[in-house]
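Below you'll find the structure, written out as structure tokens, and then a few comments.
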Amino acid sequence: MLIHVNGKALEVSSATLAALLQELDFEENSVATALNQTFVRKTERAETGLKEGDAVEILSPRQGG
């Protein structure tokens, strides 16, 4: 299915947000996620389904100061 990840169109096979993180080789513990501009908690990713045209944001924490 075609979805947008961080603004880029991607063809993916994942049915859930957790599966998408695995498919894209992200470490689930080290990122924050949003689906269609709504924050998704780590504990909710496995049951958060994806559908054609969804917009996913995957953000890695950064240190600075």
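Those letters in the sequence shown? Residues 73 to 137, by my numbering.
Even glycine gets a Cβ: it sits at the ideal position worked out from N, Cα and C.
Please work out which residues of its chain come closer than 8 Å, Cβ to Cβ, to residue i, disregarding the five sequence neighbours upstream and downstream, and give them in chain order.
i     : result
ASN78 : VAL128, GLU129, ILE130
GLU95 : VAL84, SER85, SER86
ARG69 : Not covered by the structure: residue 69. The range shown for the chain is 73 to 137.
What three-state label does DSSP hand residue i in the structure shown?
i      : result
GLU95  : helix
THR120 : coil
ALA87  : coil
From residue i to residue j, what distance separates their C-alpha atoms?
i      : j      : result
GLY136 : ASN108 : 28 Å
GLU83  : ARG113 : 24 Å
MET73  : SER132 : 24 Å
ASP190 : ILE75  : Outside the shown range of the chain, which is 73 to 137, sits residue 190, and nothing can be said about it.
Would you say residue i and residue j are within 8 Å of each other, going by their C-beta atoms?
i     : j      : result
THR88 : THR120 : yes
ALA90 : GLU100 : yes
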